[in-house]
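With this note's numbering applied, the sequence shown closes on residue 279, and no number is skipped along the way.
Comments concern the structure below.
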Amino acid sequence: MTTETSAIEVAGPRRPYGERDDDGARAERGDKAMRHFEIRHDGVTIPVSRDGRGRPLVLCPGLNSTQADLHELAGLLRRDHEVVTFDLRGHGLASAAGRYSFEDFLSDLAAVMAELRNLGTSSAPVLVGYSLGADLAVHYACEHPEAVAGLVLIDGANPVPEPFITEAVLPDFRAMCEELATRHEAVRGTARQVLLTAQEILDLNVEIDGVRSEILDRYRKISRPIRMIMSTAMAGDSGEGHAGRFNHNWRAGVERLVRERPHIDTTWLDADHQLVFTHAPDIARIIRNAPGPAGRTTS
């Protein structure tokens, strides 16, 4: 993967689905233990999985990532939480859609949260979002403050001071999106498929830049506990291409946020934007040991 590719909302699997994790435990428990159901809304079908015991937690994937991709992190979190995972439209086992925008993906998350309320959860869940999923979590919590106990934001929802996709880098981003769409063809028909075209991926990244330019206003309206887990080098540390500017912009966004909202707990991991795949045990440990709603339930 090139340095520039790491700077856009890119995700990918790191091991076969169901492979054993580092502790020798199954990353997934299997269909007999896990509850699966589907939500139909806005002309799309959203697959949802629910498993584990403890404080409820909803894990929202990002653009180009699926619940199958996040299976290692979900499996680790299920040791202390009842974890709900799902696929956004056009991703994984979800159906394709006629349109893909930030508001469309936000409606997918809202539909999942509404169904969980209908099913009756023991308490309001902690909402964990990765990449674009973090932005969705912030917007959802701003609009439905009573529906979440807290937020864990993994390398997303960053109020960066400058857009990532400028006219100068647009040709490079377009080429990377085309390469990414080509790679998606290799997993078509599997739980890791992404049905978006290169142009749709590019358009969404441009839209995400716009969303993040205004996200500080959303944070100001959230009173629930927030924990951020961020990568130190989201665009990689090779020093090639635009990586230096991207990484500086990423850190500057978090510093800007914490200056204004100093109650937000922030943990930096020595990783790039793939941290949810490369550092799943570290992320699970941070979530498990965090004070407040996201941490392990104590008696």
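Idealized CB from N, CA, C, for every residue including glycine.
Please report how far the alpha carbon of residue i lies from the alpha carbon of residue j, in whole angstroms.
i, j, result
"Gly78", "Thr177", "12 angstroms"
"Leu50", "Gly136", "15 angstroms"
"Gln94", "Val167", "According to the sequence provided, residue 94 is Ala. The question's Gln does not apply to it. Looking at the two C-alpha atoms, the distance is approximately 30 angstroms."
"Ile267", "Val132", "8 angstroms"
"Ala127", "Ile26", "20 angstroms"
"Ser75", "Gly23", "9 angstroms"
"Asp250", "Asp115", "22 angstroms"
"Asn227", "Ile188", "17 angstroms"
"Tyr80", "Glu180", "7 angstroms"
"Ile244", "Tyr110", "17 angstroms"
"Cys157", "Asn269", "37 angstroms"
"Thr46", "Asp88", "13 angstroms"
"His222", "Gly70", "29 angstroms"
"Asp31", "Asp60", "11 angstroms"
"Val28", "Glu142", "35 angstroms"
"Arg265", "Leu160", "31 angstroms"
"Gly130", "Leu107", "6 angstroms"
"Ala232", "Val238", "10 angstroms"
"Pro271", "Leu68", "29 angstroms"
"Asn185", "Glu83", "13 angstroms"
"Ser218", "Trp230", "16 angstroms"
"Met14", "Val64", "10 angstroms"
"Arg241", "His16", "38 angstroms"
"Ala48", "Arg236", "33 angstroms"
"His21", "Glu194", "28 angstroms"
If you follow the beta strand (DSSP E) that residue i is part of, which residue opens it and which one closes it?
i, result
"Asp245", "245 to 249"
"Asp31", "24 to 32"
"Met210", "206 to 211"
"Thr65", "61 to 66"
"Phe17", "15 to 21"
"Val132", "130 to 134"
Residue range of the alpha helix (DSSP H) that residue i falls in?
i, result
"Gly72", "Where Gly72 is concerned, there is no enclosing alpha helix (DSSP H), given that its DSSP letter is neither H nor E."
"Glu240", "223 to 240"
"Leu107", "Run containing Leu107: none in the alpha helix (DSSP H); it sits in the beta strand (DSSP E), 106 to 110."
"Glu52", "51 to 57"
"His164", "150 to 164"
"Gly190", "178 to 193"
"Leu43", "Per DSSP, Leu43 belongs to no alpha helix (DSSP H) and is neither H nor E."
"Asp88", "82 to 99"
"Leu255", "255 to 258"
List the whole-angstrom C-beta distance separating residue i from residue j, where the pair is believed to meet the contact cut-off of C-beta under 8 angstroms.
i, j, result
"Thr246", "Met208", "5 angstroms"
"Gly113", "Pro41", "5 angstroms"
"Asn138", "Val234", "6 angstroms"
"Arg154", "Leu182", "6 angstroms"
"Val92", "Ile19", "6 angstroms"
"Leu174", "Asn44", "Here the sequence assigns Val to residue 174, which means Leu is not the residue at that position. With a Cβ gap of about 5 angstroms, Val174 and Asn44 count as contacting."
For residue i, count neighbouring C-beta atoms within 10 Å of its own C-beta (all shown protein chains included) and say buried if the count is 16 or more, exposed if not.
i, result
"Thr170", "exposed"
"Val150", "Sequence check: residue 150 is Leu here, not Val. Leu150 is exposed by the Cβ-count criterion."
"Phe307", "Because the chain is modelled from -19 through 279, residue 307 falls outside the range shown and cannot be assessed."
"Glu147", "exposed"
"His119", "buried"
"Trp248", "exposed"
"Thr162", "exposed"
"Phe144", "buried"
"Arg172", "buried"
"Gly10", "Bear in mind that a pLDDT of 44 at Gly10, under 50, signals an unreliable position, so the number given afterwards is only what the model happens to contain. Exposed, since its Cβ has fewer than 16 Cβ neighbours within 10 Å."
"Phe85", "buried"
"Pro164", "The question names Pro, but residue 164 is His in the sequence shown. Buried, since its Cβ has 16 or more Cβ neighbours within 10 Å."
"Leu96", "buried"
"Gly72", "buried"
"Asn98", "exposed"
"His253", "buried"
"Thr62", "Per the sequence shown, the amino acid found at residue 62 is Glu instead of Thr. Flag for Glu62 reads buried."
"Ser211", "buried"
Answer yes or no: the CB of residue i versus the heavy atoms of the ligand GTP, is any distance below 6 angstroms?
i, result
"Arg236", "The model depicted lacks the ligand GTP and carries no ligand whatsoever."
Quick one: any contact between the region 34 to 41 and the region 99 to 106, if contact means 3 or more CB pairs under 8 angstroms? yes
For the region 117 to 125 and the region 189 to 198, state whether three or more C-beta atom pairs, one from each stretch, are separated by less than 8 angstroms. yes
Do the region 252 to 260 and the region 44 to 61 meet, that is, are 3 or more Cβ pairs less than 8 angstroms apart? yes
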